[in-house]
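In terms of my numbering, the sequence shown is numbered consecutively and its last residue is 1605. Positions of the beta carbon are idealized from the N, C-alpha and C atoms, including for glycine. Here the structure comes first, spelled out in structure tokens, and everything after it is commentary.
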Amino acid sequence: MINARPERTRVLVIDDDAAIRDLLARELPLRGFEIRTAGDRSEAVRLCQRFGFDVVISDSEGPDMSGAAVMPALRGQDTDLALIVATERASVDDALASLKQGAMDYVQKPYDLDSLARRLAEVQARRRSQHLAGLNATGMTLLQASGREDIAQVAVHHGQAVLGAEAAALMVGDPFSPDAVIHMSDDLGEMNHDLVAQLAQQTYQGGVPDRLLAGLSYGEGMSPAMAATSYRSAACYPLRVQDQYLGTLILLRTEEVSDFSHDELKQGVMYAVALSLALEITRVAGKFQAQTVTDELTGLYSRRFLFETLWQMVKRLTRSNPPVLSCLMIGIDGAAGLEARLERSEFERLIKRTARLLGRTLRASDIVARYTPTSFGVLLPHTNEAGGRLVVDKIRAAIAAELADTLPINVGIGLASYDFVDKEYVRSMKNASDLSLQLLHWAELALQQAQTGGPGGLAVFQE
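Shown next as structure tokens:
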């Protein structure tokens, strides 16, 4: 999953004393912090333009950058920066002055390195708490949309609004796969499909959220994909949950708007976390829904779908004249022996070939499902026993023609029908569920009888 924050807190130290800068640059990384230093305001601004920081430690007495006075220039690059003011006078007045100017904390010089490390950790903890509050606000909107068919368009719309992007796109899936799907805001035309795909591929390869600028080569932070378009700046986010790559969120701005800042990139990361969760929930829900309808191995309908469809068919029996419905149970003869003799992959190919054959042989109105690992259930609407026997002959002929030469198998078939009952009998049953289970039970009994009688047998249930 995309992390909302890097593990190491990124700290910018601003101090005109080179010895102090060297001390902190040497010691704070040993305590788990990523440190960069600046000797004056202009250098600090350049570093903020190039790198993202979490916390700034600024000397209260430095020339042109005393304490909180330096923050307006730095927050022009990243409004999310936290400030710790370093002062040699530990007075209440100094502390209040620093806090009023926007500092989150202050420390006394000379530095107690262990104490400074604790203060940095405390400041970062407060900042993370604020980030979580922001994530909750945007995340709730997305999570409430989880499972909806329009989740991708909801994500694009809100993503565009979160960062004030002029255009947004979501590429769902592996960007190098032909199956990946692109969802775009109305501001992006069809001609920008290639742009989105190239940015998504570059982000996928980089593996981390990135702020890209239009350029003529694939240098650090550059993307030639935008060079031929009106877009100058992109904020791109890989969307992951554990090892599952779900897609890529891309936000775009033209030359008329300022480039994405590091602060905005971080806001987008929080949104990407929520989007990743929402997409994963939607993916799992969709997979579960698909599994309730289709069998994963064969692509036929599932056993559950067979039950639900039969229940609906039986409910309509009282309205048909006569009430006609047949059910087949088709089982591979000697399945246990075949499974033991064949490699798993070979046995699964046999099951899939049989499934495909049944799908091609039966009518479009017939319902074919994988009933057990080695058997199939078929519902034949508006088909009486005589019609069911004709279907059985058709299935046998197809198996003999297509499977006998490569892997000789036989199937036993059980047939049960409701063509010998009248409407009053149907109405006498307690409910459609009773009738459904009864018909399936009859077909199962007929299959057992067919397979007991020898290979390739047919048995018709007689009450």
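Residue i, buried or exposed, once every other Cβ within 10 Å from all chains shown has been counted against 16
i, result
"Phe1318", "exposed"
"Arg1188", "exposed"
"Gln1347", "exposed"
"Ser1468", "buried"
"Ala1414", "buried"
"Gly1473", "buried"
"Gly1479", "exposed"
"Leu1129", "Residue 1129 lies beyond the residue range present for the chain, which begins at 1143 and ends at 1605; the question has no answer from this structure."
"Val1638", "Limits of the chain in this structure are 1143 at one end and 1605 at the other, which puts residue 1638 out of reach."
"Ala1539", "exposed"
"Gly1301", "buried"
"Asp1328", "exposed"
"Ala1303", "exposed"
"Lys1536", "exposed"
"Pro1254", "According to the sequence shown, residue 1254 is Asp rather than Pro. The residue is exposed, with fewer than 16 neighbouring Cβ atoms inside 10 Å."
"Arg1163", "buried"
"His1404", "buried"
"Arg1505", "exposed"
"Ser1507", "exposed"
"Leu1439", "exposed"
"Asp1336", "exposed"
"Phe1562", "For Phe1562, the predicted model reports a pLDDT of 48, less than 50, meaning its position is unreliable; a value from the coordinates is still stated below. The residue is exposed, with fewer than 16 neighbouring Cβ atoms inside 10 Å."
"Ser1400", "exposed"
"Thr1525", "buried"
"Thr1179", "buried"
"Asp1256", "exposed"
"Ser1487", "exposed"
"Thr1514", "exposed"
"Glu1230", "exposed"
"Gly1554", "buried"
"Gly1519", "buried"
Neighbourhood of residue i by C-beta distance below 8 Å, restricted to the same chain and skipping five residues each side
i, result
"Gln1340", "Ser1365, Ala1367"
"Leu1492", "Ile1474, Leu1480, Leu1484, Leu1549, Ile1551"
"Thr1503", "Lys1536, Ile1537, Ala1540"
"Gln1343", "Pro1317, Phe1318"
Whole-Å CB distance - residue i paired with residue j, under 8 Å assumed
i, j, result
"Gly1530", "Leu1522", "6 Å"
"Ala1294", "Leu1305", "Actually they do not touch by this definition, with Cβ atoms about 18 Å apart."
"Ile1509", "Tyr1443", "6 Å"
"Val1411", "Tyr1379", "7 Å"
"Leu1258", "Val1249", "6 Å"
"Arg1192", "Ala1224", "Contact flag wrong, Cβ pair sits at about 19 Å."
Beta-carbon proximity list for residue i, same chain, < 6 Å, skipping 5 on both sides
i, result
"Glu1552", "Looking at the sequence provided, one finds Asn at residue 1552 rather than Glu. The answer, listed in chain order, is Asp1475, Pro1597, Gly1598."
"Gly1181", "Asp1158"
"Gly1595", "none"
"Asp1247", "Ile1226, Arg1261, Val1265"
"Asp1201", "Asp1157, Ala1228"
"Asp1437", "Ser1444, Arg1512"
"Ser1184", "none"
"Phe1402", "Arg1353, Ser1375, Ala1377"
"Met1326", "Ala1311"
"Gln1591", "Ala1601"
"Ala1161", "none"
"Ala1687", "Here the chain comprises residues numbered 1143 to 1605, so residue 1687 is not present and cannot be evaluated."
Cβ shell of residue i (< 7 Å), same chain only, five flanking positions each side left out
i, result
"Ala1588", "Met1471, Gly1556, Leu1557, Ala1558, Ala1601, Val1602, Phe1603"
"Ile1177", "Val1153, Val1155, Leu1166, Ala1167, Leu1170, Pro1171"
"Ala1322", "Met1313, Val1314, Gly1315, Asp1316"
"Gly1174", "Arg1150"
"Ala1409", "According to the sequence as given, residue 1409 is Gln; it is not Ala. Contacts found: Val1304, Leu1305."
"Thr1396", "Glu1308, Ser1372, Tyr1373, Arg1374"
"Ala1477", "Thr1516"
"Gly1389", "Leu1312, Met1313, Val1314, Gly1315, Leu1381, Leu1421"
"Thr1451", "Ile1509, Leu1521"
Any 3 or more C-beta pairs closer than 8 Å across the region 1409-1424 and the region 1372-1386: yes
Residue ranges of each alpha helix (DSSP H) run of no fewer than 4 residues wholly in the region 1450-1517, ordered along the chain? 1477-1483, 1486-1503
For the region 1159-1184, list the beta strand (DSSP E) runs that are entirely contained and at least 3 residues long, ordered along the chain. 1175-1180, all fully within the region 1159-1184.
Every unbroken alpha helix (DSSP H) within the region 1297-1366, with a cutoff of 4 residues, ordered by chain: 1335-1348
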